[in-house]
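Asks: Residue numbers (the working numbering): 45 to 1031. All C-beta atoms, glycine included, are put in the ideal place defined by N, C-alpha and C. Quantities reported herein were computed from a predicted structural model and do not represent experimental measurements. Attaching a single structure in structure tokens format; questions to follow.
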């Protein structure tokens, strides 16, 4: 049943009125930053210009969850966040500020364990549970030991050892009247009928009634039996009898261990060591996380149960839109999205729900139009924006540097946890990803791979024409398809596979065929046809058709986690050419994106998903958006960077030796990636010579935490499953010695001084990139999204570093000061210029909401010697028909890029403003087409700066097509800032 709000929480009613979505601010909610704390920052974000808060999941997660994606109870709002009363107070605060609320939801999975009542019911009743089909469990596993059972791989050691050690304890919950097996924090409920088996060993007449009740218990009628046992537990004599029964199953005695083992063998689950999960698990997980179970949300009853609370909140007007987490995990994302939109429409007629999905788009891949989403969560824009601000000309030098570094590693097969042999694979990103995929298929996702291949083999055996296709041949063919798969997933259904995806699968099969022996090609052809849907079995050929649909679903649900784990969580930590390109949604092998391609993708977004979120930072990013932009500048000065790196490595070689352990010292690849991370994370204004070491010690702690995670994710010299303590310790000693070890001060001080000086030189370039990135996010088609605290410089690293508490008080003070002045570079080092820019443009978006929501996107051509250093475009909202120019709106956006060789540095400080001087721009001009420089017969226009209030005329010029256009000089536009937003006005 949906949770019913208390009467005191239901009033006062919340207005349904919600503003047009102009900009969002993403907040991570948890018990230390709950609804009440979020309400305290509403006024700040309103003044900044944000229209909606966008929060992490709000349904009840496991206690202490820091992110909310481990929902355990979908029927109520998380009490750790403040419950429904806290949510209502937050929404009232938002409505008073004219703002709305977007909520992150998790349709793909839930948390397992004692706090999930649906899961516990399945463990209690097995297939008889009303929830048995809600979870994506294979009740008919090929493993006889798992037929009708759920594997629970949560033991800290092998089952026999855990049993012997007394780590499995039969207990009574006196409050609920239930018997359960306890293993540290885990609680495994006993099957209801087996309560009778346990209690009858006491031989007590006092327990006769409850024993009889449990023998007859059924899922719908068991409450009486549990009630009887709960009542008996209050009677001291009866409780003594119960305790005596439990004692007979104590592992302290051999007969007790045997009895407990026999009892556990009767349960609807099979306990196992956590290491068994990868090979044997018989239920779908979120990625390889055994604490999160896949949900069958394609079932109507599951869909309604998981969304009932959210639907109630939406119907009441408490929330205005949804963000869908891990859409690629669902069996049929299109059907889910359509059902969700239709359901929300029915709850608030006349109000179109805002729905975006977390979807990683590879290359030029587009969000499927059939899903009817407003857009993605913005990883695609984050990649496009970052890539256009990298310099592709730096690729050869960066390649050479990385090649030289990995050449020092030699053959690393003896150390490599994933068996990537030697430097060649570390230099070629696609090969590295493919090797990681192979390893994950045989290790982390072995169980999922086995289920898929056995399903296909069953399908083959079910027909005369394919009965000779062997299981091993099927495994080889499917493995090669998975290894070479170029996108996160395809979306075949019982209707077949979309044409473009079918072509993609065919190309993948060609790559697979090149790796397979010709004898496997017939098998590959059949498997490709089955998975692609062109050999779809007709209705009426059950169960063969069901087998095929199951195989398609399992294939499509395996490719996303396999891709993510192989690329984002492995290769991104191995491939160190330039870490700014190792970001969620990115393609590290592609260093840069052309301006023309960036414009094409922006125009496509304007046409297809103009309300898509535009992110530059998220709770999952590998690096903060401004650390990424600082490192991007290295692509502009690759020769200088290579020289600096080689100098640092020579300088620090004695420290590598001094901090080495049994597995040696930090190797060349890890050392190089450490230097990049230090350059990216080094705080603006930090001085190496400061007497106070606390700042350096704090920085060292953060970097070491990142380093440990990076080493284990890379799975090259360490691993989460088998951490290499000696090597990790050597890396930590090296990092600490570089940053804050007084005992090595004489040796590490030159490095720190050099690091500080280099960052001081690089910081202005990073600032230009960051301000350009911010301006692009604010003005291209889409809805700008700001990750918490990123209004100032965000130099964070991967989680948990990017989820540290945000100092909102400081940000509010700075905003109050910034609001009274034009945007300037006066406070650029502290990030003040970024916050000013965001505020100024968001105010313009507020005043011209339709221009940004519906306006055309017009790329503008640039001319002159520095044309490649300018990104320029216009947003145009034509006047309505017959309005004679009234309502015509146009803006021009100008951003600097690749400024490394354009800045003037102060020789004394080797430092520069993040600004290219007017003299350097020279004759560089931006040309406006006639539709901007002439409209409605009104003639030429003038421009006015939204940021500085400066103004200037448009100069008439001839266009290639013979039309008369207008032009503006970049030196005049970018005289005081590296970015500009101009309004075009009538003469």
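Assess, as a yes-or-no matter, whether the region 810-825 is touched by the region 853-863 under the definition of 3 or more beta carbon pairs within less than 8 Å.
Replies: The region 853-863 vs the region 810-825: no contact.
Asks: Evaluate the contact criterion for the region 518-525 versus the region 350-360: three or more CB pairs, one atom per stretch, below 8 Å.
Replies: At 8 Å Cβ cutoff, the stretches do not touch.
Asks: Please name the residue, chosen from 123, 795, 335, 671, that lies closest to residue 731 on a Cα-to-Cα basis.
Replies: Selected option, being the one with the closest Cα: 795.
Asks: With distances taken Cα to Cα, identify the nearest neighbour of residue 574 among 559, 592, 584, 586.
Replies: It is 592.
Asks: Sort 96, 325, 817 by Cα distance to residue 490 and report the nearest one.
Replies: Here the closest residue by C-alpha is 325.
Asks: What's the gap between the Cα of residue 344 and the Cα of residue 90?
Replies: Looking at the two C-alpha atoms, the distance is approximately 39 Å.
Asks: Taking all protein chains shown into account, decide if residue 682 is buried (16 or more other Cβ within 10 angstroms of its Cβ) or exposed.
Replies: Result: buried.
Asks: Any contact between the region 297-312 and the region 204-214? By contact I mean 3 or more CB pairs, one from each, below 8 Å.
Replies: The region 297-312, when compared against the region 204-214, does touch it at the 8 Å Cβ threshold.
Asks: To the nearest angstrom, how far is it from the Cα of residue 192 to the Cα of residue 677?
Replies: Near 57 Å, if we compare the C-alpha coordinates of residue 677 and residue 192.
Asks: Please say whether residue 402 and residue 32 have beta carbons closer to each other than 8 Å?
Replies: Since the displayed the chain opens at 45 and closes at 1031, residue 32 lies outside it and no answer follows.
Asks: Pop quiz: residue 902 and residue 918 are said to be a contact at Cβ under 8 Å. What is the actual Cβ separation, rounded to whole angstroms?
Replies: That pair is a contact at about 4 Å.
Asks: How is residue 657 classed by DSSP in three states: helix, strand or coil?
Replies: Three-state DSSP puts residue 657 in a strand.
Asks: Please state if the CB of residue 243 and the CB of residue 289 are separated by a distance shorter than 8 Å.
Replies: Result yes, Cβ atoms of residue 289 and residue 243 sit closer than 8 Å.
Asks: Which residue comes first and which comes last in the alpha helix (DSSP H) that contains residue 516?
Replies: That run of the alpha helix (DSSP H) goes 515-527.
Asks: Measuring CA to CA, which of 503, 663, 824, 224 is closest to residue 596?
Replies: Nearest of 503, 663, 824, 224 to residue 596, Cα basis: 503.
Asks: Quick one: Cα of residue 377 to Cα of residue 605, how far?
Replies: The alpha-carbon atoms of residue 377 and residue 605 are separated by roughly 15 Å.
Asks: Looking at the structure shown, is residue 178 part of a helix, part of a strand, or coil, going by DSSP?
Replies: Coil.
Asks: Over the uninterrupted beta strand (DSSP E) stretch that includes residue 779, give me the two end residues.
Replies: That residue, residue 779, is in no beta strand (DSSP E); its alpha helix (DSSP H) goes 769-783.
Asks: Could you pull out every unbroken alpha helix (DSSP H) segment of at least 4 residues lying fully inside the region 134-219, listed in chain order?
Replies: You should have 161-169, 203-208.
Asks: What three-state label does DSSP hand residue 129 in the structure shown?
Replies: Three-state DSSP puts residue 129 in a helix.
Asks: Are the region 813-833 and the region 658-676 touching, with three or more C-beta to C-beta distances below 8 Å?
Replies: Yes: at least three Cβ pairs fall under 8 Å.
Asks: What do you get for residue 790, buried or exposed, if any count of 16 or more other CB atoms within 10 angstroms of its CB means buried?
Replies: At residue 790, the pLDDT of 39 sits below 50, so the modelled position is not reliable and the matter cannot be decided from this model.
Asks: Classify residue 293 as helix, strand or coil using the three-state DSSP reduction.
Replies: The answer is coil: DSSP assigns residue 293 none of H, G, I, E or B.
Asks: Kindly indicate which residue of 601, 340, 835, 764 has the alpha-carbon position closest to the one of residue 331.
Replies: Taking only the C-alpha atoms, the option nearest residue 331 is 601.
Asks: Can you tell me whether residue 819 is helix, strand or coil according to DSSP?
Replies: Residue 819: helix per DSSP, three-state reduction.
Asks: Could you pull out every residue in the same chain whose Cβ sits closer than 6 Å to the Cβ of residue 131, ignoring the five residues on either side in sequence?
Replies: Cβ neighbours of residue 131 beyond the five flanking positions: 79, 121.
Asks: Pull up the distance between the alpha-carbon of residue 520 and that of residue 608, whole angstroms please.
Replies: Those two C-alpha atoms are separated by around 21 Å.
Asks: Is it true that the CB of residue 1026 sits closer than 8 Å to the CB of residue 990?
Replies: Contact: yes.
Asks: With a 10 Å radius around its C-beta and 16 neighbouring C-beta atoms as the bar for buried, classify residue 1049 as buried or exposed.
Replies: Lying outside 45 to 1031, the shown extent of the chain, residue 1049 is not represented and no answer is given.
Asks: For residue 435, report the span of its beta strand (DSSP E) as first-last.
Replies: From DSSP, residue 435 is part of no beta strand (DSSP E); its letter is neither H nor E.
Asks: Classify residue 797 as helix, strand or coil using the three-state DSSP reduction.
Replies: In this structure, residue 797 counts as helix in the three-state DSSP scheme.
Asks: For residue 126, which residues in the same chain have their Cβ closer than 7 Å to its Cβ, ignoring the five residues on either side in sequence?
Replies: Excluding positions up to five away in sequence, the list reads 78, 79, 80.
Asks: Give every residue of the same chain whose Cβ lies closer than 8 Å to the Cβ of residue 398, excluding the five residues on either side of it in the sequence, and list them in chain order.
Replies: Contacts found: 65, 146, 364, 365, 366, 418, 655.
Asks: Grab the span of the beta strand (DSSP E) containing residue 704 for me, first residue to last.
Replies: Residue 704 -> no beta strand (DSSP E), and no H or E assigned at all.
Asks: Whose CA, out of 251, 95, 150, lies closest to the CA of residue 139?
Replies: Closest by alpha carbon: 95.
Asks: Taking just the CA atoms, how far does residue 884 sit from residue 858?
Replies: One C-alpha to the other measures close to 14 Å.
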